Amino acid sequence: MKAIVMNTPGTPDVLTLQDVHDPKITTPTEILVKLKAAGINPIDTKIRQRGTFYPDDMPAILGCDGAGIVEAVGSAVTHFQPGDEVYFCAGGLGKSQTGNYAQFAVVESHLVALKPTSLSFAEAAAAPLVLITAWESLYDRGRLEKGQKVLIHAGTGGVGHVAIQLAKLKGAQVCTTVGNPDKARLARQFGADETINYQQTDFVQGVLNWTQGEGVDLAFDTIGGKTFFDSCNAVKVYGDLVTILQPDPSIGNLKVARDRNLRISLELMLTPGLKGLINAQNHQTSILKECAKLIDNGQLKIHLSQTFPLAEAAAAHQLLEQGSMIGKIALLID
Numbered sequence: 001m002k003a004i005v006m007n008t009p010g011t012p013d014v015l016t017l018q019d020v021h022d023p024k025i026t027t028p029t030e031i032l033v034k035l036k037a038a039g040i041n042p043i044d045t046k047i048r049q050r051g052t053f054y055p056d057d058m059p060a061i062l063g064c065d066g067a068g069i070v071e072a073v074g075s076a077v078t079h080f081q082p083g084d085e086v087y088f089c090a091g092g093l094g095k096s097q098t099g100n101y102a103q104f105a106v107v108e109s110h111l112v113a114l115k116p117t118s119l120s121f122a123e124a125a126a127a128p129l130v131l132i133t134a135w136e137s138l139y140d141r142g143r144l145e146k147g148q149k150v151l152i153h154a155g156t157g158g159v160g161h162v163a164i165q166l167a168k169l170k171g172a173q174v175c176t177t178v179g180n181p182d183k184a185r186l187a188r189q190f191g192a193d194e195t196i197n198y199q200q201t202d203f204v205q206g207v208l209n210w211t212q213g214e215g216v217d218l219a220f221d222t223i224g225g226k227t228f229f230d231s232c233n234a235v236k237v238y239g240d241l242v243t244i245l246q247p248d249p250s251i252g253n254l255k256v257a258r259d260r261n262l263r264i265s266l267e268l269m270l271t272p273g274l275k276g277l278i279n280a281q282n283h284q285t286s287i288l289k290e291c292a293k294l295i296d297n298g299q300l301k302i303h304l305s306q307t308f309p310l311a312e313a314a315a316a317h318q319l320l321e322q323g324s325m326i327g328k329i330a331l332l333i334d
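Oh and the sequence shown: position 289 is 289 in UniProt numbering, straight run, nothing missing.
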């Protein structure tokens, strides 16, 4: 099969299209998927730059998100059959025989859900990681409840645009940060009640104005760095702050968080896969199933900004690394 292969960490140029052996079903619970599209996420570019989680397994095929058609199933698989259209977040972290920048992938069946019928394969492939990340951050880590006020950073980004919609589905009021008026208009289309252009306004002051000086019940940080520490000032006393980035103690400290008695949560949706936590993986698959229903009911949308053919994975990485991305990018696979 054709696949985008990475032989060493580095610039996007290390991603090359090569012929590799087709993956084979090796356990009774696996399925073989003929991939039609693969999502591209920031974790892909970070792994490409720094190296994989499994450096002894090089070369590697990247890509955690995939969507395609079931080609074959293991002997113990009863809930999928050839011809089913599916989507999933699995592999792509450097482990041998995994990764979705390829024409085929073998995946454990408990990680796979039926694709939302209303989405194209490209849209579906762009969805799993951000759906799970936003869901776990808001609902599981942040314990978001109806009527609460939430700050979501980067509301038109891959995770942010999904998070706005999930927060609104829970009955929350949403404030989000954006970088320009066009993004503000798009964020409101996703459901944001309030937008703050961080280029023109200090977002902390903007949040305090919006909440009459109290702060939000929950802040969701998708940016990291100084933004994480500044967000502590935008959360109400005894509130929640969830981040998907690792806080850097060289940039700030948690004195404000401690003074305000904040509950801080770290979200890494890759943990179940890296640690082999089956129950947690099943929970993530249940999120994909529930989101598929919401998508097909018209209650949740995936904003796919651009697609690239598989052979142009390097160009897709270059675009993502430029920053200020709206929505998601996907690779189309013949």
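Note that beta-carbon positions come from the ideal geometry of N, C-alpha and C, so glycine has one too. As the structure is a computational prediction, the values presented were derived from the model and not from experiment.
{"Check": "The beta strand (DSSP E) with G158 in it runs from where to where?", "Outcome": "No beta strand (DSSP E) holds G158; the alpha helix (DSSP H) holding it covers 158–169."}
{"Check": "Whose C-alpha, out of P23, H21, K24, V5, is nearest the C-alpha of A15?", "Outcome": "The sequence shown places Leu at residue 15, not Ala. It is V5 whose Cα lies nearest to the Cα of L15."}
{"Check": "CA-CA distance, L288 and S118?", "Outcome": "14 Å"}
{"Check": "Could you give the first and the last residue of the continuous beta strand (DSSP E) run that contains E71?", "Outcome": "65–73"}
{"Check": "Please report the straight-line C-alpha distance between Q103 and G155, rounded to a whole angstrom.", "Outcome": "32 Å"}
{"Check": "Following the continuous beta strand (DSSP E) through P309, name the residue where it begins and the one where it ends.", "Outcome": "304–309"}
{"Check": "Helix, strand or coil for D140, going by three-state DSSP, please let me know.", "Outcome": "helix"}
{"Check": "Just the Cα atoms here: how many angstroms apart are Y54 and V237?", "Outcome": "41 Å"}
{"Check": "Does DSSP put L319 in a helix, in a strand, or in coil?", "Outcome": "helix"}
{"Check": "Could you pull out every unbroken beta strand (DSSP E) segment of at least 3 residues lying fully inside the stretch 189–268, listed in chain order?", "Outcome": "194–197, 216–221, 235–243, 263–266"}
{"Check": "How is A90 classed by DSSP in three states: helix, strand or coil?", "Outcome": "coil"}
{"Check": "Classify F80 as helix, strand or coil using the three-state DSSP reduction.", "Outcome": "coil"}
{"Check": "If we count the other Cβ atoms within 10 Å of its Cβ and call it buried at 16 or more, is S137 buried or exposed?", "Outcome": "buried"}
{"Check": "For T16, report the span of its beta strand (DSSP E) as first-last.", "Outcome": "15–19"}
{"Check": "Among G179, G92, F80, which one has its Cα closest to the Cα of T45?", "Outcome": "G92"}
{"Check": "On a CA-only basis, which of E312, S305, D334, E290 is nearest I132? Give me that one, please.", "Outcome": "E290"}
{"Check": "Should G273 go down as buried or exposed, given a rule of 16 or more other Cβ atoms within 10 Å for buried?", "Outcome": "buried"}
{"Check": "Quick check on the DSSP output: the beta strand (DSSP E) that includes F53 runs from which residue to which?", "Outcome": "Where F53 is concerned, there is no enclosing beta strand (DSSP E), given that its DSSP letter is neither H nor E."}
{"Check": "Can you give me the C-alpha to C-alpha distance between L266 and R141, rounded to a whole angstrom?", "Outcome": "8 Å"}
{"Check": "To which residues does DSSP link I40 through a beta bridge?", "Outcome": "I329"}
{"Check": "Just curious, the beta strand (DSSP E) that Q281 is in, first and last residue?", "Outcome": "Run containing Q281: none in the beta strand (DSSP E); it sits in the alpha helix (DSSP H), 278–296."}
{"Check": "Can you tell me whether A124 is buried or exposed, with buried defined as 16 or more other CB within 10 angstroms of its CB?", "Outcome": "buried"}
{"Check": "For E123, report the span of its beta strand (DSSP E) as first-last.", "Outcome": "Taken as a continuous stretch (DSSP letters only), E123 belongs to no beta strand (DSSP E), being part of the alpha helix (DSSP H) at 121–125."}
{"Check": "Under the rule that 16 or more other beta-carbon atoms within 10 Å means buried, what is E108, buried or exposed?", "Outcome": "buried"}
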